[in-house]
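Q: The sequence shown runs contiguously to residue 230 in our numbering.
Don't be surprised by glycine CBs; every beta carbon is placed ideally from N, CA and C.
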Amino acid sequence: MTSAIDTMLANAAMPVSSARAFDVAAALRRLAADAARTAPTPEITRSAQAGQRLSVISRWVLNEPDAAVRMGRIADDPDHSAFEADEQLDVDGALVFACLLHLTGHPESAQFWWQLAAGAGSRAAMYCLHLQHLRLGEAREARHWYHQLMQSTSESAPPDATFIEGLEIFARYVRTSGSGANAPTGRLESEVDRLASTGTGSGGIVHRPDRQLVQRLHEFTERR
Numbered sequence: 007m008t009s010a011i012d013t014m015l016a017n018a019a020m021p022v023s024s025a026r027a028f029d030v031a032a033a034l035r036r037l038a039a040d041a042a043r044t045a046p047t048p049e050i051t052r053s054a055q056a057g058q059r060l061s062v063i064s065r066w067v068l069n070e071p072d073a074a075v076r077m078g079r080i081a082d083d084p085d086h087s088a089f090e091a092d093e094q095l096d097v098d099g100a101l102v103f104a105c106l107l108h109l110t111g112h113p114e115s116a117q118f119w120w121q122l123a124a125g126a127g128s129r130a131a132m133y134c135l136h137l138q139h140l141r142l143g144e145a146r147e148a149r150h151w152y153h154q155l156m157q158s159t160s161e162s163a164p165p166d167a168t169f170i171e172g173l174e175i176f177a178r179y180v181r182t183s184g185s186g187a188n189a190p191t192g193r194l195e196s197e198v199d200r201l202a203s204t205g206t207g208s209g210g211i212v213h214r215p216d217r218q219l220v221q222r223l224h225e226f227t228e229r230r
């Protein structure tokens with residue numbers, strides 16, 4: 007058996023004289039060219055990073071102990087589901103709802119509610135919109151919300167790069183450590199889908215949350 011295998015290997019061997027010398031430099035050039043073709047562009051990398059940061063911050067907002075209470079402040083009653091233009095908006099509630107919509111796969115509705123919160127002065131919503139447009143590759147809109155954020159006023163935190171840096175550090179910390187910031191459960195996601203299927207307005211935008219969704223979010227935060 008051994009001699010038969012040796013014979014097969016010997017017959018399959020290429021004569022040294024006819025073998026072409028291996029060109030290491032050419033091989034390295036081919037590898038470099040392949041890597042350049044498959045490497046993500048700076049725009050793709052920036053978009054992916056923005057999406058990761060946005061999800062991390064949304065998870066943090068959603069996992070706050072009083073997230074359900076905040077969202078409950080914008081919950082509707084049976085005869086009042088649309089948000090009225092002259093109605094006083096609870097900024098924190100709109101932010102929580104937007105983050106929940108983002109994490110459960112309703113980006114257009116999330117952007118709508120972030121815009122409502124940002125228009126009412128939420129700096130966190132402005133930053134979420136900045137990341138949202140970066141994620142979509144919409145550089146001009148991303149710059150607009152970054153400018154709005156830096157021009158916003160706050161007695162406790164004047165507009166400067168420290169705010170952005172703090173959010174970036176926090177996003178990296180949560181992403182690497184987890185920090186208990188869980189993603190929405192399937193049950194909570196199903197509730198959002200239910201609301202989206204029955205309570206949407208023009209453009210398919212999800213209306214304000216109802217009490218059933220608020221209760222599901224309360225159960226979600228209690229289980230942490």
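Could you pull out every residue in the same chain whose Cβ sits closer than 7 Å to the Cβ of residue 150, ignoring the five residues on either side in sequence?
A: none
Q: On the three-state DSSP scale, how would you describe residue 116?
A: helix
Q: Here's a check: name, in chain order, each residue in its chain whose Cβ is nearer than 6 Å to the Cβ of residue 128, leaving out the five neighbours to either side.
A: Only residues of its own chain outside the window of five on either side were considered, and among them 97 and 101 have a CB closer than 6 Å to the CB of residue 128, listed in chain order.
Q: Would you please state the rounded distance, in angstroms, between the beta carbons of residue 68 and residue 215? I believe it to be under 8 Å.
A: Residue 68 to residue 215, Cβ: 12 Å. No contact.
Q: Which one of 143, 126 and 142 has the shortest CA to CA distance from residue 154?
A: With distances taken between CA atoms, residue 154 lies nearest to 126 out of 143, 126 and 142.
Q: Rounded to whole angstroms, what is the Cα-Cα separation between residue 138 and residue 228?
A: 28 Å
Q: Give a yes or no on whether the C-beta atoms belonging to residue 76 and residue 111 are separated by under 8 Å.
A: no
Q: Can you list, in chain order, the residues of its chain whose CB lies under 6 Å from that of residue 57, leaving out five sequence neighbours each side?
A: 141
Q: Which same chain residues end up closer than 8 Å to residue 117 when comparing Cβ atoms and leaving out the 5 residues on each side of it in sequence?
A: 104, 135 and 138
Q: When you compare only the Cα positions, how much space is there between residue 204 and residue 106?
A: 17 Å
Q: Give the single residue among 81, 74 and 156 whose Cα lies nearest to the Cα of residue 225.
A: 74
Q: Give every residue of the same chain whose Cβ lies closer than 7 Å to the Cβ of residue 193, excluding the five residues on either side of it in the sequence, and list them in chain order.
A: 222
Q: Only counting the same chain, and skipping five residues up and downstream in sequence, which positions put a Cβ closer than 6 Å to that of residue 232?
A: As shown, the chain starts at 7 and ends at 230. That puts residue 232 outside it, with no answer to give.
Q: Considering only C-alpha positions, which residue in the set 113, 210, 55 and 152 is nearest to residue 132?
A: Cα-wise, what sits closest to residue 132 is 152.
Q: Going by beta carbon distance, what residues of the same chain come within less than 8 Å of residue 220, once the five residues before and after it are set aside?
A: Excluding positions up to five away in sequence, the list reads 74, 77, 78 and 81.
Q: Can you check whether the C-beta of residue 112 is within less than 8 Å of a C-beta belonging to chain B?
A: Absence of chain B from the displayed structure is noted, only one protein chain being present.
Q: Quick check on this structure: which residue in 156, 197 and 143 has the alpha carbon closest to the alpha carbon of residue 51?
A: 143
Q: Within 10 angstroms of the Cβ of residue 61, are there 16 or more other Cβ atoms? Answer buried if so, exposed if not.
A: buried
Q: Look up residue 158 in the DSSP assignment and say whether it is helix, strand or coil.
A: DSSP places residue 158 outside both helix and strand once states are collapsed to three, so it counts as coil.
Q: Look at the alpha carbon of residue 164 and the alpha carbon of residue 158, and state the distance between them as a whole number of angstroms.
A: Confidence at residue 164 is low in this model, with a pLDDT of 45, below 50, so its placement is unreliable and the value that follows should be read with caution. One C-alpha to the other measures close to 8 Å.
Q: Looking only at its chain, what residues have a beta carbon closer than 7 Å to the beta carbon of residue 201, apart from the 5 residues adjacent to it on each side?
A: 212, 215, 216 and 219
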